[in-house]
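Residue numbers (this note's numbering), protein chains in the order written: chain X, 973 to 1250; chain B, 11 to 261; chain C, 79 to 435.
Note that beta-carbon positions come from the ideal geometry of N, C-alpha and C, so glycine has one too.
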Amino acid sequence: MEAGYNFAYLDEATKRMIRRAILKAVAIPGHQIPFGAREMPLPYGWGTGGIQVTASIIGPEDTLKVIDQGADDTTNAISIRRFFARVADVATTERTAEATIIQTRHRIPEAPLREDQILVYQVPMPEPLFRLEPRIAETKRMHALADYGLMHTKLYEDIARLGRIGTAYNYPVMVNDRYLMSPSPIPAFDNPKMDRMPALQLFGAGREKRIYAVPPYTPVRSLDFEDHPFRAIRAPHACTLCGSAASYLDEVVTNDQGGRVYVCSDTDFCRAEQEKAA
Amino acid sequence: MSALLKAEGLSLRFGRVSALDDVAIAIWPGEVLAVVGESGSGKSTLLRVLSGQQLPEVGTIRFDGADIHAEGEAALRRLLRTDWGFVHQNPRDGLRMAISAGGNIGERLMSNGARHYGDIRAQAKDWLARVEIDPARIDELPRNFSGGMQQRLQIARTLVTRPRLVFMDEPTGGLDVSVQAKLLDMLRALARDLGLAIIIVTHDIAAARLLAHRIVVMRHGQVVEEGLTDRVLDDPQHPYTQLLVSSVLAA
Amino acid sequence: MYVAVKGGEVAIDAAHAWLAEARRGDTALPELSTAQIEQQMTLAVDRVMAEGSCYDRGLAALALKQARGDSIEAAFLLRAYRTTLTRFGHAAPLDTAAMGITRRISATYKDLPGGQVLGPTFDYTHRLLDFALVAEGMAPADVPERAADEAAIPRVSELLAREGLMQREAAAEAEPSDLTREPLTFPADRSARLQNLARGDEGFLLGLGYSTQRGYGNAHPFVGEIRQGGVMVEFTPPELGFAIEIGEIDVTECQMVNQFHGSLTEPPQFTRGYGLVFGSGERKSMAMALVDRALRAQELGEDITAPAQSAEFVLYHSDNVEATGFVEHLKLPHYVDFQSELENIRAMRASVTKAAE
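As structure tokens, this is what we get:
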């Protein structure tokens, strides 16, 4: 472990402060709790919010998995996993089933999560309304009054202009029928996994200094219209490696003549599927 | 029958200027009440205070018998998007210019829980027709509309949820005279058909005569005269009202 | 005493001597050479070249030394030198598709022809102070050899454009604008905007680009591609009539892919924000690409609601040499104007006090 630093980098007083924010967030599902985010040795936008949440809840007996775009082998996931291995000396894994804490950027693992797991999301913009109303003071008021007509108007405009809802990722959700929430930039495909998930879901936004949460088994509903229901979108292909026709796929360009293949974005799921087939 | 909105003892000062000085006003269901006076008479301040957008220093405002500020801002906002409507002088202040005509009308429905796209659209088209805008233009942005059309769109957006009381601030203010007349006719018909109560602030005596059942005359933040429209305009008692009325006749 | 700018010659000379002394620092330590700055403060040199709008590492290093490391002051020095140079003409458009790649990443595809090349990046370093650097004389670790690219690496924007997903840019027939010769006018064409942004202050563009991500301007950006490396500069001398290579420069190019712009009748397409900066100016190239895209709001029929979308606001305030001059000029004497303000406010106060009595 790195000498000169506390376990998991942050000092214990800071961790307690962050855990208090997490407790508040759990008590009011979907509501954004401001917290005194610290400067981290990784840049803003690289996942400083998620890292601080993970650092505050991780213990020596935990097993950590870090994914970015669903994969354990993406550079940023490797970097964050190494960071925790260095400052917390915890066990790390690439297997979803073995992890007690999963820190993620932009995906929810394909394999269903359990009650004894925590999913930590890295969040760039916690405010789901910011594109419609950039003033934080005003969006706070809208949340307080549950005044979400504007968000629906945006979806209405999409359908009127484009024939469908034009949001494919960071698709807004209602948590526990009360708070409008940004699911972070996960593909809309992953939204249904958030609904009544047995695992605790924690969201950390470092630069914007907010934490929010979805406690286990909380209803999470993607916004839609009765006659234009929410639809999860994925590329209509099967994975080239494991053959899965249900997982979320990455498009890989193979040459400049328009050649491309599709592979699972969740590398651990893909490995497991390949092993099952073998 | 009891008053729909009843305000008593309203006072508000801006520095040394008295914008409202012990004003009392009431409006009954289905009634159109015009507040007239020159610029600076306090009539626009009165409208902001009555609609809860500004707190008076002294005085109370009751809607359906309940103090509008007693339940906090959440309750007031709910009132503003359900039982109340507000029509601004400049349609840009009351419309979302980057959102289609249909979206502008639909927003109020969606704020009140409407979640069926087809129904929202049908209602938006119906309201466009009612305010004499071609329903085929439902997906156009308001900025492509003329000033008169924008104002009619703002009215449709306000009325779609069937409010019981509508506040209007010089709704014909920025429009050509011919367009003004058409809009006033439309407002009169809508108020009658929907049984709306309207508090309209205007400096246009002719508009007040056409629309209002009753008139309140304001000067220096005080109500100097009030009564049935014909009585006030044909037999003004207060010298200031006499001046207002005669200046219209002269012009 | 500071009083009297008149007769300040002695004061100025003394200040300059002091400045030279402060620049040199402790003479017990060896003096920093411009060659050391050029080799070891490379990103500072790059920034000065970009904002000084002059590709010359040696001069930029000298400017940095002279400016005591103040990058805006150094850019100012370089600009002041540049303006004395003869303008021969303009180069042919750089062919960045033929770049000798040192870094190339795409955030939109996990893998793609040519691959992802991280290059010498801070991106995945942990920002823990490396006290080993305090000790001198340590040789850096060996860098693994990278297989040389056998062919030109296709640009991501081109991959998208071939499928019709990315709007192609119209090739301009006209000679590009040159803001160093002609003043900015409005509406400013894309070449003028891009030149302005390429010369613009990194911090200003960073803040503006950031604002578009936070809702001030409707951005949905993806980094289609960032590439860094050397490109040949070609120039056609009028007396020759054909293009000759006059040298190679290092540049960073960023192509931002932005969410579709379309309607029921018009098929959706990605639109491009473009950034190109001298040297390894990656942060600035990204910010520039965000701002370039924001400034296209009008041509793409989007509402102009945010500062980053307002061409006048952005282009008039991006130049740090202009900005620093005007901001800092406030410390120059303004006694005369202030005196009239003093008289004015005294008179107004007197009349109010009198009225109150």
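Taken in chain order, the members of the stretch 1100-1113 of chain X whose beta-carbon sits within less than 7 Å of a beta-carbon on chain C are F1102, R1103, P1106.
DSSP places C/I322 within a strand segment (E or B) once states are collapsed to three.
A straight line joining the alpha-carbon of X/I1158 with that of C/G287 spans about 23 Å. For B/L151 and X/G1135, the gap between their C-alpha atoms comes out near 17 Å. The alpha-carbon of C/I115 is positioned some 16 Å away from that of C/E214. At a C-beta separation below 8 Å, B/A84 has these neighbours in chain X: A1116, L1117.
In this structure, the beta-carbon distance from B/G231 to B/A29 falls below 7 Å. Per DSSP, B/W137 is one residue of the alpha helix (DSSP H) stretching across 127-140.
Within 8 Å of the CB of X/T1047, the CB atoms of chain C belong to L196, D201, Y202, in sequence order along the chain. In this structure, C/I327 sits near C/Y133, with a CB-CB distance shorter than 7 Å. Close partners of X/V1145 in chain C (Cβ separation under 8 Å) are lacking, with about 19 Å as the shortest Cβ gap.
In this structure, X/A997 lies away from X/I1131, with their beta-carbon atoms at least 7 Å apart. Per DSSP, X/V1225 is one residue of the beta strand (DSSP E) stretching across 1221-1225.
For B/I109, the chain X residues whose C-beta falls within less than 8 Å of its own C-beta are T1125, E1129, listed in chain order. Relative to the Cα of B/A207, the nearest Cα in the group B/P173, B/D245, B/G158 belongs to B/P173. Counting along the chain, C/V399 sits inside the alpha helix (DSSP H) bounded by residues 398-406. Note that the C-beta distance between C/T330 and C/S358 is below 7 Å. Within the stretch 1064-1138 of chain X, complete alpha helix (DSSP H) segments of at least 4 residues are found at 1108-1116, 1121-1134, given in chain order. Not flagged as an interface residue toward chain C: X/V1092, since no C-beta distance is shorter than 7 Å. Put simply, the backbone Cα of C/A92 is about 23 Å away from that of C/L140. In this chain, the beta strand (DSSP E) harbouring B/G237 covers 232-238.
Along the length of the stretch 1144-1173 of chain X, whole alpha helix (DSSP H) runs at least 4 residues long occupy 1163-1166, reported in chain order. The three-state reading of DSSP puts B/W94 in strand, counting E and B together. For chain X, the residues of the stretch 226-240 of chain C that bring a beta carbon within less than 8 Å of one of its beta carbons are P232, E236, L237, R240, in chain order. When Cβ pairs closer than 8 Å are counted between the two stretches, the stretch 96-113 of chain B is seen to touch the stretch 155-164 of chain B, the count reaching three or more. Between X/Y1220 and X/S1194, the C-beta gap is not smaller than 7 Å, which leaves the two residues out of contact. With fewer than 16 other beta carbons inside 10 angstroms of its own, C/I90 counts as exposed.
Judged by DSSP secondary structure, C/Y352 falls within the beta strand (DSSP E) whose first and last residues are 347-356. In this structure, the CA atom of C/A185 is about 17 Å from the CA atom of C/M366.
Counting C-beta atoms within 10 angstroms of its own C-beta, B/M11 has fewer than 16 neighbours from the protein chains shown and is therefore classed as exposed. By the criterion of a C-beta distance shorter than 7 Å, C/G178 is surrounded in its chain by G307, G308, once the five residues flanking it on both sides are discounted.
Taking a cut-off of 8 Å on C-beta distances, the stretch 30-37 of chain B does not touch the stretch 1072-1081 of chain X, as fewer than three cross pairs fall below it. When Cβ-Cβ separations below 7 Å define contact, X/P1013 makes contact with chain C. Secondary structure at C/T431: helix, using DSSP grouped into helix, strand and coil. Counting only Cβ-Cβ distances below 7 Å, C/G293 has contacts in chain X at F1102, R1103, P1106, in chain order. X/Q1094 sits close to X/G1019, with the two beta carbons spaced by under 7 Å.
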